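In our numbering, the protein residues as written are 18 to 291.
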């Protein structure tokens with residue numbers, strides 16, 4: 018399995034905690050093709066989801082990594098990776114999104130063991146919200162593993178931090194909630210001592226380049242970026258950008274259906290920073 022999940026990521030699993038990123042999901046058109054691609058590129062295996070035959074859950078060593086849903090045509094949404102954030106009440110969070118000039122495209126509706134909605138912030142970056150209504154049954158990621166890292170590239174990092182802070186109750190002092198800090202013109206979101214995401218300025222809303230438009234970028238840690246890139250190419254993917262990162266490297270890829278994601282060497286500054 019090339020480009021598989023690292024044996025020891027540098028920090029605890031980041032996708033956890035109240036108001037924190039809790040899941041990543043791929044909206045695609047062809048489930049079978051997506052599963053074959055991500056199995057080859059990231060070493061994932063898949064189990065059917067409980068939402069129907071067009072849904073599956075990616076796993077590595079028994080730990081849930083991500084969801085894949087072949088519903089892009091049905092929901093008339095673009096193919097792409099989407100982060101979901103935990104909320105106490107999906108209806109309240111959806112109202113906050115609309116009140117702050119964001120858009121709620123789908124939901125809130127029943128989604129797995131909770132209720133979720135697909136939305137976009139006021140600069141057009143797509144994200145989801147999810148309210149848990151039933152206890153979790155899957156094992157959590159081990160403390161020395163990271164499933165994904167997130168970075169929001171947006172028009173203005175500070176304005177975006179205010180938007181997400183008001184929607185998701187960041188920096189409110191609530192027990193277990195997320196806090197924010199400012200480092201080198203970026204906003205860093207952290208919870209319980211773990212850095213969960215970074216927000217960077219400079220994106221251009223009307224840019225034709227998907228890397229330049231406001232978007233949430235999902236980074237998957239791998240032990241061998243070159244092997245992941247090679248596997249992606251062999252299975253119908255393409256390379257958008259490759260970069261050296263200190264001792265490591267990272268590459269932004271497109272899957273065969275157009276889903277954009279990044280593979281990051283666990284030795285890179287991105288891994289160390291998050």
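Beta carbons: idealized from backbone N, C-alpha and C, even for Gly. Source: prediction; values computed, not measured.
In DSSP terms, what residue i is bridged to
i	result
residue 259	268
residue 199	204
residue 83	75
Distance, residue j Cα to residue i Cα
i	j	result
residue 98	residue 199	26 Å
residue 282	residue 250	18 Å
residue 192	residue 252	45 Å
residue 57	residue 234	21 Å
residue 196	residue 205	8 Å
residue 75	residue 55	9 Å
residue 231	residue 67	32 Å
residue 287	residue 222	For residue 287, the pLDDT reaches just 49, beneath the cut-off of 50, and the residue's location in the model is therefore unreliable, leaving the point undetermined.
residue 243	residue 254	14 Å
residue 165	residue 273	21 Å
residue 261	residue 168	18 Å
residue 59	residue 241	10 Å
residue 172	residue 219	5 Å
residue 116	residue 265	42 Å
Residues of its chain near residue i, where Cβ-Cβ distance is below 7 Å and the 5 sequence neighbours each way are ignored
i	result
residue 276	43, 45, 96, 97, 98
residue 150	130, 131, 132
Residues near residue i by beta carbon distance below 6 Å, same chain, minus five either side
i	result
residue 269	257, 258, 279
residue 114	121, 136, 184
residue 159	Note on residue 159: pLDDT 46, under 50, position unreliable in the model; the coordinate value appears next. Counting only Cβ-Cβ distances below 6 Å, and skipping sequence neighbours, we find nothing.
Residue i (DSSP reduced to helix, strand or coil)
i	result
residue 185	helix
residue 251	helix
residue 150	coil
residue 59	helix
Within the chosen definition, does the segment 71-78 reach the segment 43-57 through at least 3 CB pairs nearer than 8 Å? yes
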